[in-house]
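Visitor: In this note's numbering, the protein residues as written are 1111 to 1461. Let me begin by handing over the structure; questions about it come next.
Below you can see the structure in the form of structure tokens.
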């Protein structure tokens, strides 16, 4: 299969404008798309195609700059990294992109002396400047991963965070205020740049419902996300939220505090037609092509039919960025990746 470069044909259209139209709930032709990879998946695709520049040829509509802690290698421990929060990550298992936390920093929240690092605003500015120099006509996003709930459990473990919601809620609220305060100056810095949106990454959901439940989310997470969202909206930018899992219980809350786009929209979790009817006039959905089920398990022809089904259900009145529901993991067959690229790049033949 030959990957079409985005400068050909309809791909000369301004991609930023098309994404903005989708976010403003205007019908778009073509549908904006974005394809992200884990390092393992991209290397497999390059090896299979022999094309080291294949990622640059996809025609993605979104230019993405993402920060989650600047991990640094630990020479004395191969496949271990330490991030700017002092958290050690172990990538010796299956997950080579992020890994798992080996040593949380906070053992007892009620007596912890943990101090947050001073944000490296200079490094942040340099990396944003370098990244935006490559964005061409794309919609530009800067994102923060492990933003609130995830940052808390990387610092003190998932179990301790959830127990602290009951055992020491005031101390946990103070921790979340510190996390939010840590991001504020970084947010102010990135909002000075010519970007279109800020994406906050923070997994709240599981396959059914929220990890912490909606009441605890509303107490601990919502007020701090509202502060972050408000800062972005005040700068005239779009607000985007990544959360894996089932977050339908809090869609009204997210809309209330200013969310424009929800990622990732998983068809194995949501009745996507129902969610479109209920929230599609307020939220843009980013995702729709399952990395859990259809991408790793379907044949290429079945996958193409699934993409057509999803787009047909979600494209009315805009509000759709079609994409895999996550950066693609290593278990997706190359032929399925190529089939998806074909549909995304040649929408006039399929939709």
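C-beta: ideal position from N, C-alpha, C; glycine also.
Grouping DSSP H, G and I as helix and E and B as strand, with all else coil, what is residue 1212?
Guide: Residue 1212 falls in the strand class under three-state DSSP.
Visitor: If you draw a straight line from the C-alpha of residue 1358 to the C-alpha of residue 1319, how long is it?
Guide: 8 Å
Visitor: Would residue 1317 be called buried (16 or more neighbouring beta carbons within 10 Å of its own) or exposed?
Guide: The residue is exposed, with fewer than 16 neighbouring Cβ atoms inside 10 Å.
Visitor: Quick check: residue 1176 and residue 1252, are their CB atoms within less than 9 Å of each other?
Guide: yes
Visitor: For residue 1438, which three-state DSSP category applies?
Guide: strand
Visitor: Taking 7 Å as the limit between beta carbons, can you name the residues of its chain near residue 1400, skipping five residues before and five after?
Guide: 1376, 1377, 1378, 1435
Visitor: Could you give the C-beta distance for residue 1171 and residue 1233, rounded to a whole number, given that I count them as a contact under 8 Å?
Guide: Wrong, their Cβ atoms sit about 28 Å apart, outside the cutoff.
Visitor: Looking at C-alpha atoms only, which residue of 1240, 1431, 1183, 1324 is the closest neighbour of residue 1550?
Guide: Outside the displayed span of the chain (1111 to 1461) sits residue 1550, for which this structure offers no information.
Visitor: Could you say which of 1297, 1304, 1202 lies nearest to residue 1250 if we only look at CA atoms?
Guide: Comparing alpha carbon positions, the residue from 1297, 1304, 1202 closest to residue 1250 is 1304.
Visitor: With a cut-off of 9 Å, does the C-beta of residue 1358 fall near any C-beta of chain B?
Guide: Going by chain labels, chain B is absent from the structure shown, which holds only one protein chain.
Visitor: With DSSP as the reference, label residue 1116 as helix, strand or coil.
Guide: For residue 1116, the predicted structure reports a pLDDT of 46, less than 50, and the residue's modelled location is therefore unreliable. A value from the coordinates is still provided. Coil, per DSSP.
Visitor: If contact is defined by three or more beta carbon pairs under 8 Å, each pair taking one atom from either stretch, is the stretch 1394-1413 in contact with the stretch 1330-1344?
Guide: No: fewer than three Cβ pairs fall under 8 Å.
Visitor: Distance, Cα to Cα, residue 1197 vs residue 1230?
Guide: 17 Å
Visitor: By how many angstroms is the C-alpha of residue 1426 removed from the C-alpha of residue 1051?
Guide: Residue 1051 falls outside the range modelled here, since the chain spans only 1111 to 1461, and no answer is possible.
Visitor: Relative to the C-alpha of residue 1373, which residue among 1192, 1243, 1145, 1155 is closest?
Guide: Answer by Cα proximity: 1145.
Visitor: Taking buried to mean at least 16 other C-beta atoms within 10 Å of its own C-beta, is residue 1203 buried or exposed?
Guide: exposed
Visitor: Report the residue from 1406, 1413, 1423, 1310 whose alpha carbon sits nearest the alpha carbon of residue 1364.
Guide: Selected option, being the one with the closest Cα: 1310.
Visitor: Please report the distance separating the alpha-carbon of residue 1301 from that of residue 1149.
Guide: 28 Å
Visitor: Quick one: is residue 1348 buried, meaning 16 or more other Cβ sit within 10 Å of its Cβ, or exposed?
Guide: buried
Visitor: Which full runs of the alpha helix (DSSP H) of 4+ residues lie inside the stretch 1242-1272, going along the chain?
Guide: 1259-1266
Visitor: On the premise that residue 1369 lies in contact with residue 1339, defined as a C-beta separation below 8 Å, what is that separation, rounded to the nearest angstrom?
Guide: Contact flag correct, Cβ pair sits at about 7 Å.
Visitor: To which residues of the same chain is residue 1297 closer than 6 Å at the C-beta, ignoring the five residues directly before and after it?
Guide: 1341
Visitor: Nearest-angstrom Cα distance between residue 1446 and residue 1137?
Guide: 27 Å
Visitor: Count the CB pairs spanning the stretch 1259-1271 and the stretch 1211-1222 that are closer than 8 Å, and state whether there are at least three.
Guide: yes
Visitor: Rounded to a whole number of angstroms, what is the C-alpha to C-alpha distance between residue 1237 and residue 1181?
Guide: 15 Å
Visitor: What are the partner residues of residue 1351, as DSSP defines its beta bridges?
Guide: 1310, 1372
Visitor: Look up residue 1200 in the DSSP assignment and say whether it is helix, strand or coil.
Guide: DSSP places residue 1200 in strand when its eight states are reduced to three.
Visitor: Can you have a look at residue 1151 and say buried or exposed, based on whether 16 or more other CB atoms are within 10 angstroms of its CB?
Guide: buried
Visitor: Measuring straight from C-alpha to C-alpha, what distance separates residue 1288 and residue 1327?
Guide: For the pair residue 1288 and residue 1327, the Cα-to-Cα distance works out to about 17 Å.
Visitor: Go through the stretch 1358-1406 residue by residue and report every complete run of the beta strand (DSSP E) that reaches 3 residues or more, in order.
Guide: 1371-1375, 1394-1399
Visitor: Excluding the 5 residues flanking residue 1367 on each side, which residues of the same chain have their C-beta closer than 6 Å to its C-beta?
Guide: 1336, 1339
Visitor: Ordered along the chain, which non-local residues of its own chain (more than five positions away) have a Cβ less than 7 Å from that of residue 1441?
Guide: Around residue 1441, the same chain offers 1406 as residues with beta carbons nearer than 7 Å, after the five sequence neighbours per side are excluded.
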